[in-house]
Structures are given as structure tokens and as C-alpha cells.
Amino acid sequence: MAVTGWHRPTWVEINRANIRANIENERRHLPEKVDLLAVVKADAYGHGMLEVAHIAKDAGARGFCVAILDEALALREAGFDELVLVMGAVPLEYAKLAAEKQISVTVFDVDWLRQLPELKIPLRIHLKVDTGMGRLGVRSFDAVRDVEDEIAKRQDLVFEGIFTHFATADQLETSYFEKQLGCFKEVVASLKERPAIIHCANSAAALLQNQHDFDAVRFGISMYGLTPSLEIAPVLPFALRPALSFYTEIVQVKELAAGDCVSYGATYERKSQEWVATLPVGYADGFIRAYSGFEVSIDGERMPVIGRVCMDQCIIRLPRYYPTGTKVTLIGEPNTADEAASHLGTINYEVTCLISERVPKKYIL
120 MAVTGWHRPT WVEINRANIR ANIENERRHL PEKVDLLAVV KADAYGHGML
170 EVAHIAKDAG ARGFCVAILD EALALREAGF DELVLVMGAV PLEYAKLAAE
220 KQISVTVFDV DWLRQLPELK IPLRIHLKVD TGMGRLGVRS FDAVRDVEDE
270 IAKRQDLVFE GIFTHFATAD QLETSYFEKQ LGCFKEVVAS LKERPAIIHC
320 ANSAAALLQN QHDFDAVRFG ISMYGLTPSL EIAPVLPFAL RPALSFYTEI
370 VQVKELAAGD CVSYGATYER KSQEWVATLP VGYADGFIRA YSGFEVSIDG
420 ERMPVIGRVC MDQCIIRLPR YYPTGTKVTL IGEPNTADEA ASHLGTINYE
470 VTCLISERVP KKYIL
């Protein structure tokens, strides 16, 4: 059982108003007929799936995208009756459950359909086309036709949608994107019957590319106020508002003398006298060992994490004495998720997704 740490001074704050603003700005940016599907997989990228789903629905999202069936079931159990699409693989034995809950599933292999037993209730299908991502999806016109033919044979299947996923939509150089887009449009044009929902845009494409030919976009990372890549940040159509901040408080302050060492391995040794503080957060919370050397902040002033991050604690070097209980910003202004990602050698998606269930979420505004 996952235990959330409500009784210690480490927490995440999620700004509802910022999520709402990001969605509303994107909806204004889209053609009127194009729906926004909120991507809430992976606990809404660490922001809290059910709470974000409520915010997104209120802001005008027409449905949700998730990665696994259990996420879709959680939305249904929470009372959401909008379209919910599972974008990952759903095992055959759970297809009936998906149909019963009116959950849309992704089909990427005609053999899955051929092996599917009679369901007696309709199952909503979205065909995934691999136009160059190399992950899930059919890769030929023949495979598309085979899927169409299998659906046409049965009364228990509804061809609700077709989609693809772009590999380079978050890059300024668009030749590969254009190749994928052209391929997808050819596939759509070849269909015997157009499904209700044709969608291809992730956040980057939804922000930068024309969506007049499509019915929906899948709005993910940018719903949370994070740019899909720093490369495209200067050309975004509107300013994104980050929703997540990660905080803790100082639990002990001490003065080290020259020669004193800090944390496992004694990798940090003081050359002169200095103040240090212990923080009750560590890699079990998603503040991983690679954060060593990253600068957190107090009242906007930066200070480094020193020594090795432990499972439940870490240590920072202070420029002066601070009392216990002082609030420390781990992720937020000025030390943003993008800066954390750069320090870790990764992307902002991973920074927020890493934050564990042990860290409580507090929703503001």
C-alpha cells in the first residue's frame, strides 16, 4: 500500500488556475470544431489524475487519454462519462471489461481483432498508425484495410477513431514531421469510411501546427504549463503557466568546520566553516541522487544540494544561518522543472513524473 506523507513538511502544490488557463488558451488557439482531449496518464504527469481531470473537464476538455486500462477504469469509477481512450496495449482478456465501461481502446495489430471473442456489447476502436515513430501501430495500407475489414465483419466493434504519433513535432526542423503528417493523411484518405475522431497532434503539434483537417488534439505536457521542448519555447503561440511546485522545509541546521564531510561516501568535504541544512526529502520521493549539485532556493536565493542525496533526506549548503521550518523550493520559481531536467540530463516530463505518491499534493486557487 502506498503511504502518503501528510505528517512531514514536504509537499507538492498544484495551481488549478494555471492548468485551466493553459487549456483555455489552447482551445482558443484551435479551430472551433477541434476538440481537446486531456492527457492524464501517469497520474497526470505527477499532477494528480482525478483532480486534473475535473479541472480539464471544467475548462472544456471533451475527453481523456490514458496509457493503461486501469487509469481509464479509475476515471469511470470517479464518475467521468466522457470519451476515455487507452493509448497503450489492452490485453485481449480485458476487452470485454473495456466495452462494458465504454472505454475506447487502441488497436495496432489486426491479429488482436481476429483473436477477439464475441463481446455482445460494442467496443470502441481507435486504429493506431505507425507513420514513423516505430512504436505501436500498423505500418501499411494493407494492414489498415485488414483492420477495416475485420471491424466491418462484426456488430460488436465501433470504428471510432484513427490516430498517429509524431516523433519530432517538438523540433523546429519539420521535414520528418511533414513526412509523418503526409503519410497519415494518405492513410485517412484511403479509408472506406471516415471514423468520427481523427487525431494526430500531441502538445507540440497542437501548439504549432494547423489542425483544420482533424477532429481532436491530445493535449498533454503543455496542459501542465511545461514546454514540449526548449527548442520550440520561443515560438509558442501563448505563454504556458507551470502548475507544479515542489517544496520542503529545513528540519535541522548546523555549522560545519573545515574537514567535515557530508552524506554517504563522504564525497563532499568542507574547506572552511559553513552552514548546512538537512531537508526531509530524498530519492524515495522522486528527488533522486542525480539532484546532487542542483540549486534549490529560499526566497528566490539559490543554494546547492551537497553530498549524495539519501533515500529520505538531503543536505544543502546555506549562505547564512536559517531557522528550522524555513520553506525551501525544490522545483518552481526560480529553479524550474526545465532547469532540473537540464541538470539531470533528461526532459521536464520525467522531472514531474518522478515525484512519488509519498509526496502529498495540495491544490491551490
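Position one of the sequence shown corresponds to residue 120 (my numbering), numbered consecutively onward.
We put the beta carbon where it would ideally sit given N, CA and C, even for glycine.
Just so you know, these numbers come straight off a predicted model, no measurement behind them.
**Study point:** Nearest candidate by alpha-carbon position, reference phenylalanine 333, set Glu368, Leu300, Leu232 and Val205
**Key:** Leu300
Exercise for review: Classify phenylalanine 260 as buried or exposed, calling it buried when 16 or more other Cβ atoms lie within 10 Å of its own Cβ.
Suggested key: exposed
Check your understanding: Quick one: what's got a C-beta closer than 7 Å to tyrosine 441's C-beta in the same chain, skipping five residues either side?
Key -> Ile369, Val372, Ala396 and Ile417
**Study point:** Expected contact under 8 Å - CB spacing of leucine 216 and valine 336 to nearest Å
**Key:** With a Cβ gap of about 28 Å, leucine 216 and valine 336 do not count as contacting.
Review point. Between glycine 179 and arginine 146, is the Cβ-Cβ spacing less than 8 Å?
Key: yes
Point to revise | Sequence-distant residues of the same chain with beta carbon closer than 7 Å to alanine 218, five excluded per side | key: Leu238, Ile240, Pro241 and Leu242
Exercise for review: Identify, in the order they occur along the chain, each residue of the same chain with its Cβ nearer than 8 Å to the Cβ of leucine 194, setting aside the five sequence neighbours on each side.
Suggested key: Val159, Met168, Leu169, Ala172, Phe183, Val185 and Val203
Review point. Do you know how far the Cα of isoleucine 138 is from the Cα of glutamate 201?
Key: 19 Å
Check your understanding: Rounded to a whole number of angstroms, what is the C-alpha to C-alpha distance between glycine 344 and glutamate 420?
Key -> 23 Å
Point to revise | Cut-off 6 Å between Cβ atoms - residues of its own chain near valine 470, not counting five sequence neighbours on either side | key: Ala456, Ala459 and Ala460
Review point. Mind checking aspartate 230: buried by the 16 CB within 10 Å criterion, or exposed?
Key: exposed
Point to revise | Best match in Leu246, Lys220, Asn134 and Ala323 for proximity to leucine 232 [C-alpha to C-alpha] | key: Leu246
Check your understanding: Can you tell me whether DSSP reads glycine 182 as helix, strand or coil?
Key -> strand
Point to revise | Stretch pair the stretch 346-356 + the stretch 423-432: three plus CB contacts closer than 8 Å | key: no
Point to revise | Option nearest isoleucine 222 by Cα separation, candidates Leu255, Ser475, Gly251 and Phe278 | key: Phe278
Practice item. Can you check the stretch 208-234 for any alpha helix (DSSP H) of at least 4 residues that lies completely inside it and give the ranges in chain order? Key: 214-219 and 229-234
Review point. Among the residues of its own chain, which have a CB less than 6 Å from the CB of glycine 280, if the five just before and after it don't count?
Key: His245, Pro314 and Ile316
Exercise for review: Give the secondary structure of leucine 345 by DSSP, where H, G and I count as helix, E and B as strand, and everything else as coil.
Suggested key: coil
**Study point:** Every unbroken beta strand (DSSP E) within the stretch 294-334, with a cutoff of 3 residues, ordered by chain
**Key:** 316-320
Exercise for review: Please check the pair serine 382 and isoleucine 434, which I expect to be a contact at CB under 8 Å, by giving their CB distance rounded to whole angstroms.
Suggested key: 6 Å
Check your understanding: What residue from His462, Lys272 and Gln392 has the CA that sits closest to isoleucine 407's CA?
Key -> His462
**Study point:** Check whether histidine 166 and leucine 363 have beta carbons under 8 Å apart
**Key:** yes
Review point. Thinking C-beta only, is alanine 208 closer than 8 Å to leucine 255?
Key: yes
**Study point:** Of the residues Val306, Ala191, Glu312 and Gly251, the one placed nearest alanine 214, counting alpha carbons only
**Key:** Ala191
Review point. Starting from aspartate 275 and walking both ways along the alpha helix (DSSP H), at which residues does that stretch end?
Key: Counting along the chain, aspartate 275 falls outside any alpha helix (DSSP H), and DSSP gives it neither H nor E.
Review point. Going by the beta-carbon positions, is the gap between phenylalanine 303 and threonine 386 smaller than 8 Å?
Key: no
**Study point:** Beta-carbon proximity check, proline 150 vs histidine 331, cutoff 8 Å
**Key:** yes
Review point. Quick one: does the C-beta of leucine 484 sit closer than 7 Å to a heavy atom of the ligand NAP?
Key: The ligand NAP is absent from the structure shown, which contains no ligand whatsoever.
Exercise for review: Within the same chain, show all residues whose beta-carbon is closer than 8 Å to that of glutamate 312, passing over the 5 residues directly before and after it, in chain order.
Suggested key: Glu267 and Phe278
Point to revise | threonine 448 to glycine 401 span [Cα, whole Å] | key: 14 Å
**Study point:** Endpoints, the beta strand (DSSP E) within which tyrosine 366 is located
**Key:** 363-368
Exercise for review: Determine the DSSP secondary structure at methionine 422, reduced to helix, strand or coil.
Suggested key: strand
**Study point:** Local conformation of asparagine 134 per DSSP, three classes
**Key:** strand
Check your understanding: From phenylalanine 282 to alanine 161, what does the alpha carbon distance come to, in whole angstroms?
Key -> 20 Å
Practice item. Within its chain, find whatever has a CB closer than 7 Å to the CB of alanine 409; leave out the 5 residues flanking it on each side and keep chain order. Key: Leu463
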